[in-house]
Amino acid sequence: MKYLSFDLEATGLRERDLIIEFAAVPFCTKTHVIDEELSFHCFVKCPSFADLKGDLDPWVIENNESLIKKAHSEGLELPTFKDELTKYLESESIKVYFDNKKITLFGKSMAAIDLPFLNRDLGWDYNRKYFEHRQLDLSSVAYNMIDLGFLPEKCTSGSELMKELGFGDVAHTALADAINTAKMYLEIKKRYQSL
């Protein structure tokens with residue numbers, strides 16, 4: 002199977018929060034290759050950190066100040082982000098990679114913000130045009146592996162799962178997280194496919 006591993010960073014986890022970074026990278030479970038040369042990455046413009054600070058969660062203030070500032074100064078306006086993503090999804094290299102079919106999205110804990118934010122900011126019709134209605138979620142895979150006794154219960158946490166699989170700490174940058182999520186899935190597949 003081929004998937005498009007994606008991740009986004011936002012100003013928080015609430016419905017009103019904003020996408021500030023988006024990245025995607027395709028990978029293949031047959032070849033175990035993550036095609037980083039076909040990756041997509043951009044920052045999405047948001048108000049200034051000073052303007053947002055009064056409404057941000059403490060964790061975001063402590064950990065994402067520089068990312069918010071980068072998104073504010075370098076990010077694409079939302080319509081431009083959508084245009085650039087469209088160019089990427091309609092590029093010949095991506096069409097060939099996915100055999101001119103709809104793309105199956107892959108990520109972790111996608112129901113939390115990733116899919117709701119994409120539906121909100123790109124539109125339901127846009128997502129149905131380019132992406133399969135089914136997705137593969139690493140968090141669900143991890144829960145299944147815990148239930149089967151292959152992974153310890155602490156792996157319900159994404160950061161603990163990364164450590165368990167030997168990948169260190171979560172980067173909290175969209176491209177690194179998209180790549181690492183794909184690496185974790187391939188590692189799980191490699192370790193447990195013969196069981």
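Numbering (this note's numbering), first residue to last: 2 to 196. Note that the Cβ used here is the ideal one computed from N, Cα and C, for glycine as well.
- Less than 8 Å separates the beta-carbon of residue 21 from that of residue 76.
- Counted as a single uninterrupted DSSP element, the stretch harbouring residue 38 is not any beta strand (DSSP E), since DSSP gives it neither H nor E.
- For residue 75, the secondary structure class from DSSP, reduced to helix, strand or coil, is helix.
- Cβ atoms of residue 9 and residue 23 come within 8 Å of each other, at about 5 Å.
- Excluding sequence positions up to five before and after residue 64, its CB lies within less than 7 Å of the CB of 173, all in the same chain and listed in chain order.
- When rounded, the separation of the alpha-carbon atoms in residue 62 and residue 17 is 16 Å.
- Assignment of residue 8 by DSSP, reduced to helix, strand and coil, places it in the strand class.
- Of the residues assessed, residue 6 falls on the buried side of the cut-off, its CB having 16 or more other CB atoms within 10 angstroms.
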